[in-house]
Amino acid sequence: MTTMTSPIIELPEHYRVDGERLGRALAHVSAQANSIAEYQAELQHLQSRRGNVRCNALVLAIQQTYGDPLALEHRVDARIQDVLQQLQHGAQQQARAFAETPIADQFALSQLVDQRMHAAVLDMEQEINLRVEKHLQGLRRDIADYVIDQLKLAVQRADDNTRTLMNDELQDQQNM
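Quick note on numbering: our numbering labels position 90 of the sequence shown as 78, and the sequence is numbered without any gaps.
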């Protein structure tokens, strides 16, 4: 039974590592890793301090500008309330205008209808007056014609009666 073994490759001398060289390399790498870890810890500490300093500087700037942070909070709250009131007032005005527009339009339409109806009533009244006047003129003319005809008839009857009376008198005188 033969086992296959991979051939051992011989490295040149400068690539060969013995225990001492390996130990020195590990110590060097370990020192570098330790140095990197210390640097990272120091960097994190500095970044944390820088963040705290920025935060403190911001708090100090706010305090210098606005005074007490509680007072600033009250001012901001008051400003927010003011803005909310302005928005609410604007919304109410828009809603009122939106509601008043149809009412104003309806009122204007009602006035227009009233004006047109009044004008139509005046036109009808004028037309009726013209018709009545025309009818009355016709009626007056008809009455005048009737009266004239009746007068003519009365005159003719009177003439006829007068002639009859005169004829009767003449006959009475002739008979006498």
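For every residue, glycine included, the Cβ atom is placed at its ideal position computed from N, Cα and C.
Output the boundary residues of the alpha helix (DSSP H) element that contains residue i.
i: E(-2); result: Segment: none, E(-2) is in no alpha helix (DSSP H) and carries neither H nor E.
i: M154; result: P57 to N163
Just the Cα atoms here: how many angstroms apart are residue i and residue j?
i: R104; j: R119; result: 22 Å
i: S18; j: L46; result: 41 Å
i: I131; j: L141; result: 15 Å
i: R166; j: V135; result: For residue 166 there is no data in the structure shown, the boundaries of the chain being -11 and 164.
i: L100; j: E115; result: 22 Å
i: A29; j: A49; result: 30 Å
i: C43; j: G7; result: 53 Å
i: A146; j: E157; result: 16 Å
i: E16; j: E26; result: The question names Glu, but residue 16 in the sequence shown is His. Those two C-alpha atoms are separated by around 15 Å.
i: N22; j: A13; result: 14 Å
i: Q74; j: T89; result: 22 Å
i: G182; j: A87; result: The structure shown does not extend to residue 182, since the chain is modelled only from -11 to 164, so the question has no answer here.
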